[in-house]
Amino acid sequence: MLKTFLVFYGYLSIYFGWSYYIVVFLSFAVALYFLLIRKEDLFKTSEVFIKTITTLGIVDLILSSVVAFYLTLSWLNS
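Add 231 to the 1-based position in the sequence shown for the working numbering, that's all there is to it.
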């Protein structure tokens, strides 16, 4: 049971950790778009940045959990 948890946690940390870099860079891109192209003020831009990074982070965690669960099941069946 402990090995299964460690395998799941390992897969989850690998996929969530690496894909979170994409979340951060996408959030910066959205913030720069609002700041430079749409000429919004800094407070609106920071609000959009926080909402974007939170939403994408939650989606990233859900997708990483699904991938880690699938890889753990395939590891158990091998």
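All residues carry an ideal CB built from backbone N, CA and C; glycine is no exception.
- Counting C-beta atoms within 10 angstroms of its own C-beta, residue 299 has 16 or more neighbours from the protein chains shown and is therefore classed as buried.
- Around the C-beta of residue 295, 16 or more other C-beta atoms lie within 10 Å, and the residue is accordingly described as buried.
- DSSP, reduced to helix, strand and coil, places residue 278 within a helical segment of the structure shown.
- Per DSSP, residue 257 is one residue of the alpha helix (DSSP H) stretching across 233–263.
- When secondary structure is reduced to three states using DSSP, residue 272 falls in the coil class, being assigned neither helix nor strand.
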